[in-house]
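Using the numbering used here, the letters of the sequence shown correspond one by one to residues 1 to 157.
Let me begin by presenting the structure, written as structure tokens, before commenting on it.
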Amino acid sequence: MFITYRTTENKKAARINPNLQVWPAVELVIKKAICLLTFQARGTGDDERLTRSMLVGDPSEFATVLSGQDEDLFVHNIHLLTPGEMNGTESWKVERLLSVSHVSWDEGGEKQYGFSYEVDGAYCYQDVPKKFVESTKVERLIYHESRDIHPELFDSH
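Right, here's the structure in full:
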């Protein structure tokens with residue numbers, strides 16, 4: 001999904017935390033949808049929350065973050081970064097993600113899997129071959145903004 005190069009690693013970050021690796025840039029291996037999660041976190045003993053963002057290539061990976069939200073760690077919003085081939089334009093686009101589902105379709109007698117993304121403006125993108133878009137079935141809802149974003153946590157101390 002993402003490629004990093006050892007030659008560009010910022011080694012100074014390891015002085016702060018030996019488990020931390022920092023790169024000024026990452027390379028995308030393939031053009032596909034990427035989720036950008038913005039979350040707030042507060043460590044043990046910290047008074048203030050830090051706002052951070054995380055790039056996630058597989059939406060199934062953020063299910064753990066969504067299910068473990070509390071006043072010390074919560075998702076503020078999720079955006080979807082899509083290549084032009086997926087969003088119908090000539091360039092990459094960032095849009096607010098409203099929902100994402102794990103979908104399946106039958107291709108030559110074999111079940112295949114992908115994702116369906118609903119974004120602001122009532123647009124829906126799928127990483128499904130065009131000839132199978134109409135026959136996709138929702139396997140499970142991974143994320144829905146109204147279910148998984150909790151504004152009441154934003155202002156709690």
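Every residue, glycine too, gets a C-beta built ideally from N, C-alpha and C.
- Judged by DSSP secondary structure, N77 falls outside any alpha helix (DSSP H) and instead within the beta strand (DSSP E) spanning 73-82.
- A residue is called buried once 16 or more other Cβ atoms fall within 10 Å of its Cβ, and S116 is buried on that count.
- Taking a 10 Å sphere around the C-beta of A33, we find 16 or more other C-beta atoms and assign the residue as buried.
- The C-alpha of S101 is placed about 20 Å away from the C-alpha of Q69.
- When beta bridges are read from the DSSP output, T38 appears opposite S53, N77.
- A straight-line Cα-Cα distance of about 16 Å links D127 and L28.
- One thing to note: W23 has its Cβ within 8 Å of the Cβ of T4.
- If you draw a 10 Å sphere on the C-beta of Y113, you find fewer than 16 other C-beta atoms in it, and that means exposed.
- Segment contact: the stretch 48-56 against the stretch 9-17, fewer than three CB-CB distances shorter than 8 Å; contact not assigned.
- Within the DSSP secondary-structure output, G114 pairs in a beta bridge with V103.
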